[in-house]
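Position one of the sequence shown corresponds to residue 1 (UniProt numbering), numbered consecutively onward.
In what follows, a structure is listed as structure tokens, so that the remarks can point back to it.
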Amino acid sequence: TNKVQAFGKRCQAAKRDPNCPVVIRGWLNKKDSSGLKLWKRRWFVLSNYCLFYYKDSREESVLGSIPLPSYKILFCTPRECKNRKFTFKVVHQGMRSYFFSADTQEDMLGWVRALSQSAAMESDSSLNRYSTVHHEVLHTEYQTSFT
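Structure below.
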């Protein structure tokens, strides 16, 4: 087994602390790691700088988790995700990249914003002018990448 798989498996054992506040939760489609280009619908919960995913909204057992600090959250190019709409990726040098798609542009922008803050270890209380400006820049970049 290679290092990437070992990291993923070790990560899956992570338990979510029920006392930590949830930043955002909802449905996203996650690209399967098998390389078969399958997208699986999963329930995601962002809490304590970590993205947890479950089979459904009952949040019974964690299927996996991604510790976000030092990851980068980027929009996918149309080529990367075969023109699938509202896609973004979570990437880290030397680690596996994760690809996601949301149901709407609004959902996608909300997730990208929240994940970016967690990756930068910013809390909700630091939703200052920078974040708003950054959000506008992201929004514009996304708009132009599909025209």
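No residue lacks a Cβ here, since even glycine has one placed at the ideal position from N, Cα and C.
- In the DSSP secondary-structure assignment, Asn-29 is bridged to Arg-41, Ser-101.
- In the three-state DSSP reduction, Gly-110 falls in the helix class (H, G or I).
- Cα atoms of Glu-80 and Leu-68: separation of roughly 21 Å, rounded to the nearest angstrom.
- A direct Cα-to-Cα measurement between Ser-65 and Gln-105 gives close to 24 Å.
- Put simply, of Ala-119, Ser-101, Asp-32, Arg-16 the residue whose alpha carbon is nearest the alpha carbon of Cys-76 is Ser-101.
- Contact annotation: Lys-30 and Lys-40 have beta-carbon atoms nearer than 8 Å.
- For Ser-47, the secondary structure class from DSSP, reduced to helix, strand or coil, is strand.
- Taking all protein chains shown into account, Trp-27 has fewer than 16 neighbouring C-beta atoms within 10 Å of its C-beta and is therefore exposed.
- It is roughly 28 Å from the alpha-carbon of Asn-83 to the alpha-carbon of Ala-120.
- In the three-state scheme derived from DSSP, where H, G and I count as helix and E and B as strand, Ser-116 is classed as helix.
- Here Thr-77 carries a coil assignment [DSSP, helix/strand/coil].
- Under the three-state reduction of DSSP output, Gly-94 falls in the coil class, being neither helix nor strand.
- Measuring C-alpha to C-alpha distances from Ser-70 to each of Ala-14, Tyr-49, Arg-113, Lys-55 identifies Tyr-49 as the nearest.
- Contact annotation: Pro-21 and Ser-61 have beta-carbon atoms that are not nearer than 8 Å.
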